[in-house]
Amino acid sequence: MKKKILSIFLVLIAAITLGACSANTTAYLDASQKVADWKGSKVSGKLEYNIEVKDPESKETVNIKFPASFTGEQVGQDKAHVLMDMDLSNLKKEIAKRSDSQEEIAGLNKDVPNKMKMDIFVKDNEIIMSKDIFTLNSDSFKDIKEDYISISNEENGISPKATKYFNSEEFKTDLLNLMEVALKDYKQEIDFKVEGNTYTLNTTSDAVIDEFIKSADGVMKNWDEVSTSVLAIVDKAGLPMTEEDRKDFKELNKEYKAEDLKEAAKGIKETIKGSNLSEKTTFEENKMIQEIAMKVNVADFVKISVKGNFDTVKDENVKINFPTSVKKLTSEEYLKLIMPEVNMLTVRVNGEDITFEDPEALPKIINDRTMLAARAFYEKIGAKVEWNGKDRSVTVSKDNDKIVLKIDSDKALVNGKEVKLDSPATIIKDKTYIPVRFVSEAFGYKVKYDANEGMPIVDIFNITEKELETKLQELEKEENYKMIASMKSSGQKDEEIEETLKNLYEGEELDKILAAKADLDKDPELLKKY
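529 is the number that numbering that gives the first Met the number 0 gives the last residue of the sequence shown; the numbers go up by one with no jumps.
Shown next, in the form of C-alpha cells:
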C-alpha cells in the first residue's frame, strides 16, 4: 500500500471513528454547539501536569510536576483570548539536580523563569502571542521591538474554492452522506453516559484502538460507495489528486488486510498500555463545567498525566482588547527565526558517521563554509583543542602539527607560519567554530563536499578516494544487512519484507537492499551475525 494512500486511508478511518454518533454522543455534540454559538463567554480553569521519566540504565524515576491556571474570553467562534500562568520551579529544580555543570545551572536560572505567562489571542486565522513565549528558547526573537508576535498563514494551504466549499451547507450534506455510507455496518462502543445534563466519558487506549480497527473493517465492507463519496468531495473542493492516486485509492480494498492492521495494533497497545481518558461535562443554562483526566504511558519509559477543570460562563457583553504592538510574521518568516541555523549536515571521517552528542555543537554551514565546533569534532580524530580566553584564540594540535586561530580573524598560524583563511573562526553560543576544510587539510586530511539534494555530506579522509568509496559501499551493505535481519527477527515473512521494501524504496537503492536480502537468505551464518 503506497504511503500517501495509506495516510489518506488512516486519516479517513480516524475521522469516521471520531464522527460515529450514538444518540448520547449526538446530544453531547448538540449541547457543545450551543455553547460555541454563544455571542460571548468567559473561561477559567486549572491544569496539573505530572511527568514521570524512567532512566533506562539506572531505572531511576524522575517526577516533574507543574501546575497551570488560565483565564480567557471568547467572542463568537473566531475571536478568543487566553492568559495562562505556568509554575516551572519544580521542573527547573529537577533539571538542576541532574546537571553536572554549574554553568548549565546558571544558564537555566537565567533563561527559564520560575513562573511564565503565556498570553495568546486568536482573531480569525491569526494567532497572536506575547514575545516572551518565543524568547524563552531562542535569541532570534530578541531584536523584535514589538511586545507581541503574530503568525498568520493566509493561504492555509487551501484554495478559495476549497474554503468556500468546506464552509457550505453542501459540504455538510455530503459529509453526512459519507458518514451514513461508511457507518452502515458499524456500531459505536465508546459512548457517553448521561445523567440529566451531565455527560461522562471513560475510555482506555485499548478501547480506542479496538474501535479504530472495527471502524476500518466496517468501512472496507462498503469501500466502493465510501471511495466514490470521498473522491466526489475531493473533486468539489478542487483538491489535487493524480489519476494514479485516484485509481490506487479506489482499489485500496484489494490491498487491505485486516490481520495486518490487528497485528500492528497489538504493538501499539503494548507500547501505550495503561493509557486512558475521562471527561465529565455538565451543561447548565448559561454555564458549562468540565473535568478532564488523561494518562499517557509510553513503553514503561514515560508517563504523562494531566488533570484539569474548566468553567465556561456565558457573557454576551464580553470584549477582547487585542494588542496593538504586534510584529506580523508569515509562517515562512517564523520558521526561519526558530530554525535559523539548522542544517541537515552529515560529517564522516574515513566513511564513518561522526555523532555529535551536544545539540549545541552541531555542524553548521556559515557563509557557504562548513564550520565545526572545535572541541566536539577534533578531539574525535585524536587532536587536542585548547582555548585561550586572554587573546581569544583556539589551538588545535595533532602529532607534530599545531594550528592557532584567533576569533574573527581571517589569518591563522600553521606550525608558526601565517596563512590566510577563507572563513574566520567564530563563537556561537559559547562554542568555538572553525572552518573544517582548512584545519582538516592542515592535518593531512582531504575534504569532499556533496550537496546531496539539500542534505549535505562532508567527507573528511586520509585514505585514497578509491579506498573511501569501497569503505562507504561496505558500510551501506552492513546497514542493509542490519535492516533485513531486524525485519526477519520480528517475524515478517519473505514476501511481506519484499512488499514493504518495494513500497519504501526504488531504483538502484532498492536493488542494493534486495541483493543484501538475497545474501542473508542463502547464508545462515551471515544472518546470525546481524
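For glycine and all other residues, C-beta sits at the position ideal for the given N, C-alpha and C. Everything numeric in this text was worked out from a predicted model, so none of it was measured.
Using a Cβ-Cβ cut-off of 6 Å (strictly less than) and excluding sequence neighbours within five positions of Val346, which residues of its own chain qualify?
Taking the first residue of the sequence shown as 1, we reach residue 346 at position 347. Within its own chain, the residues whose Cβ lies closer than 6 Å to the Cβ of Val346, once the five positions on either side in sequence are excluded, are Ile353, Pro362 and Val457, listed in chain order.
Looking at the structure shown, is Arg391 part of a helix, part of a strand, or coil, going by DSSP?
As a first step, residue 391 must be located in the sequence shown, where it is residue number 392. Judged by DSSP in its simplified three-state form, Arg391 adopts coil rather than helix or strand.
Would you grab the beta carbon distance between Ala441 and Ile402 for me? Rounded to a whole angstrom, and I think it's under 8 Å.
Within the sequence shown, residue 441 is the residue found at index 442, counting from 1. Within the sequence shown, residue 402 is the residue found at index 403, counting from 1. A Cβ-Cβ distance of about 5 Å is found for the pair Ala441 and Ile402, placing them in contact under the 8 Å criterion.
Would the segment 225-245 count as touching the segment 205-216 if we require 3 or more Cβ pairs under 8 Å?
Cβ pair count under 8 Å is below three, so no.
Along the chain, where does the beta strand (DSSP E) containing Gly39 start, and where does it finish?
Working through the sequence shown from its first residue, we reach residue 39 at position 40. Per DSSP, Gly39 belongs to the beta strand (DSSP E) from Gly39 to Lys53.
So what does Gln73 bridge to, in DSSP terms?
Taking the first residue of the sequence shown as 1, we reach residue 73 at position 74. Paired residues: Ser40 and Ala79.
At 4 residues or longer, what runs of the alpha helix (DSSP H) sit wholly inside the segment 444-516?
Runs of the alpha helix (DSSP H) inside the segment 444-516: 464-488 and 493-503.
Give me the Cα-Cα distance between Tyr529 and Ser485, rounded to the nearest whole angstrom.
Residue mapping note: residue 529 aligns to position 530 of the sequence shown, counting from 1. Residue mapping note: residue 485 aligns to position 486 of the sequence shown, counting from 1. The straight-line gap from Cα to Cα measures roughly 8 Å.
Which of the three DSSP states, helix, strand or coil, is assigned to Tyr432?
Counting from 1 along the sequence shown, the entry for residue 432 is found at position 433. It is a strand residue.
Where Thr227 falls, given that 16 or more other Cβ within 10 Å makes a residue buried
For the purposes of this step, residue 227 is taken as residue 228 along the sequence shown, with counting starting at 1. Exposed, since its Cβ has fewer than 16 Cβ neighbours within 10 Å.
Beta-carbon contacts of Lys521 that lie in its chain and below 7 Å, excluding the five residues immediately before and after
Here residue 521 refers to the residue found at position 522 when the sequence shown is read from its first residue. Once the five neighbours on either side are set aside, Lys521 has no close Cβ partner at all.
Ser485 Cβ short of 7 Å to the ligand SAM heavy atom set:
With respect to the ligand SAM, the structure offers nothing, as it holds no ligand at all.
Option in Tyr48, Glu290 and Lys33 with minimal Cα separation from Ser304
Mapped onto the sequence shown, residue 304 falls at position 305. For the residues Tyr48, Glu290 and Lys33, the minimum Cα distance to Ser304 belongs to Tyr48.
Quick check: the Cα distance between Ser88 and Lys64, rounded to an integer number of angstroms?
For the purposes of this step, residue 88 is taken as the residue at position 89 of the sequence shown. For the purposes of this step, residue 64 is taken as the residue at position 65 of the sequence shown. If I take the Cα positions, the gap works out to 9 Å.
Of all the beta strand (DSSP E) runs that stay within the bounds of the segment 365-409, which reach a length of 3 or more residues?
Runs found: 368-372, 383-387, 392-397 and 400-405.
Could you compute how far the alpha carbon of Asp357 sits from the alpha carbon of Asn285?
The residue given as residue 357 occupies position 358 in the sequence shown. The residue given as residue 285 occupies position 286 in the sequence shown. So the two alpha carbons sit approximately 54 Å from each other.
For Met287, which residues of its own chain have a beta-carbon under 6 Å away from its beta-carbon, when the five flanking residues on both sides are left out?
Counting from one through the sequence shown, the residue named residue 287 turns up at place 288. Val34 and Thr311.
Just the C-alpha distance for Asn113 and Lys163, rounded to the nearest angstrom, thanks.
For the purposes of this step, residue 113 is identified with residue 114 of the sequence shown, where counting begins at 1. For the purposes of this step, residue 163 is identified with residue 164 of the sequence shown, where counting begins at 1. If you take the alpha carbons of Asn113 and Lys163, they lie about 46 Å apart.
What residue range does the beta strand (DSSP E) around Ile426 cover?
Stepping through the sequence shown from its first residue, residue 426 is reached at position 427. That run of the beta strand (DSSP E) goes Thr425 to Ile427.
Check Pro358 in the structure and name its three-state DSSP category.
Here residue 358 refers to the residue found at position 359 when the sequence shown is read from its first residue. It is helical.
C-alpha distance - Thr202 paired with Thr369, whole-angstrom precision
Stepping through the sequence shown from its first residue, residue 202 is reached at position 203. Stepping through the sequence shown from its first residue, residue 369 is reached at position 370. Those two C-alpha atoms are separated by around 52 Å.
To the nearest angstrom, how far is the alpha carbon of Glu505 from that of Glu497?
Looking up residue 505 in the sequence shown gives position 506. Looking up residue 497 in the sequence shown gives position 498. A straight-line Cα-Cα distance of about 12 Å links Glu505 and Glu497.
Among Lys45, Asn62 and Phe309, which one has its Cα closest to the Cα of Lys53?
Reading the sequence shown from its first residue, position 54 is the one you call residue 53. Nearest C-alpha to Lys53: Asn62.
Within this structure, are the beta carbons of Lys327 and Ser149 separated by less than 8 Å?
Here residue 327 refers to the residue found at position 328 of the sequence shown. Here residue 149 refers to the residue found at position 150 of the sequence shown. For the 8 Å CB-CB criterion, Lys327 and Ser149 form a contact.
Tell me which residue opens and which closes the alpha helix (DSSP H) that Glu269 is part of.
As a first step, residue 269 must be located in the sequence shown, where it is residue number 270. Counting along the chain, the alpha helix (DSSP H) containing Glu269 begins and ends at Ala257 to Thr270.
What's the C-alpha gap between Thr172 and Lys235?
On the sequence shown, position 173 is the one that residue 172 refers to. On the sequence shown, position 236 is the one that residue 235 refers to. Their Cα atoms are separated by approximately 13 Å.
Under three-state DSSP, which class holds Ile94?
Residue numbering aside, residue 94 sits at position 95 when the sequence shown is read from its first letter. Ile94 falls in the helix class under three-state DSSP.
Is Glu59 buried or exposed, if buried means 16 or more other CB atoms sit within 10 Å of its CB?
Taking the sequence shown and counting its residues from 1, the one referred to as residue 59 is at position 60. Glu59 is classed as exposed because its beta carbon has fewer than 16 other beta carbons within 10 Å across all chains shown.
Going by DSSP, what residues sit across from Thr197 in a beta bridge?
The residue you call residue 197 lines up with position 198 of the sequence shown. Paired residues: Glu194 and Thr281.
Beta bridge counterpart(s) of Pro66 as assigned by DSSP:
Taking the first residue of the sequence shown as 1, we reach residue 66 at position 67. Bridge partners of Pro66: Glu47.
Through-space distance from Val74 to Lys122, alpha-carbon basis
Sequence index remark: in the sequence shown, residue 122 carries index 123 (1-based). Sequence index remark: in the sequence shown, residue 74 carries index 75 (1-based). Roughly 10 Å separates the two Cα atoms.
Per-residue burial, Asn434 [other beta carbons within 10 Å of its own, 16 or more giving buried]:
Stepping through the sequence shown from its first residue, residue 434 is reached at position 435. Reading the sequence as shown, one finds Pro at residue 434 and not Asn. Result: buried.
Assuming Gly217 and Tyr185 make a contact with CB atoms under 8 Å, what is their CB distance in whole Å?
In the sequence shown, the residue the question calls residue 217 occupies position 218. In the sequence shown, the residue the question calls residue 185 occupies position 186. Between Tyr185 and Gly217 the Cβ distance is about 4 Å, and since that is below 8 Å, they are a contact.
The beta strand (DSSP E) spanning Ile208 covers which residue range?
Here the question's residue 208 lines up with position 209 in the sequence shown. Premise fails: Ile208 lies in the alpha helix (DSSP H), Ser204 to Lys220, not in any beta strand (DSSP E).
Which residue wins for smallest C-alpha separation from Lys335, given the options Leu177, Lys419, Lys253 and Phe140?
Position 336 of the sequence shown, counted from the first residue, corresponds to residue 335. Here the closest residue by C-alpha is Phe140.
Other residues of its chain near Ala30: CB distance less than 7 Å, five sequence neighbours each side excluded
As a working note, residue 30 is residue 31 in the sequence shown. Once the five neighbours on either side are set aside, the close Cβ partners of Ala30 are Phe282.
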